[in-house]
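J.: The numbering of the sequence shown is our numbering, which starts it at 60 and goes up by one. Beta carbons: idealized from backbone N, C-alpha and C, even for Gly.
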Amino acid sequence: MQEYTSLRHFFLFPSSVCVADASLDRTEMAKSKNHTTHNQSRKAHRNGIKKPRPDRYESMKGVDPKFMKNMRFAKKHNKKGQKTANAAAKKIAEAAAP
């Protein structure tokens, strides 16, 4: 029964129950406009909208360190057997030429 009377009191006298409304200053007007994109397109096109320049190398920031270490070794030893393979191919080409 007590809940019913408090609800009734709330609907009959809302300003006495609600504390948040009491703190508002009712003399100021509410703002009506929050955002506008007027003139933004013109400003953007004044110097032209440019495509982002492509990077030569993609950043490795945030890549797994274990993968990075393996990649360094792979790059380092990538051309190890290439020298001997090139020399062998050169010999075969010279032998076939005369």
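Just the Cα atoms here: how many angstroms apart are Q141 and A148?
T.: Straight-line Cα distance between these residues: approximately 10 Å.
J.: For R115 and K109, what's the separation of their Cα atoms in angstroms?
T.: Looking at the two C-alpha atoms, the distance is approximately 18 Å.
J.: For the alpha helix (DSSP H) that contains I151, what are its first and last residues?
T.: That run of the alpha helix (DSSP H) goes Q141 to A155.
J.: Express the C-alpha separation of K90 and V76 in angstroms, rounding to a whole number.
T.: With a pLDDT of 49 at V76, under the threshold of 50, the predicted position of this residue should be treated as unreliable, though the coordinate-derived value follows. Going from the Cα of V76 to the Cα of K90 covers about 26 Å.
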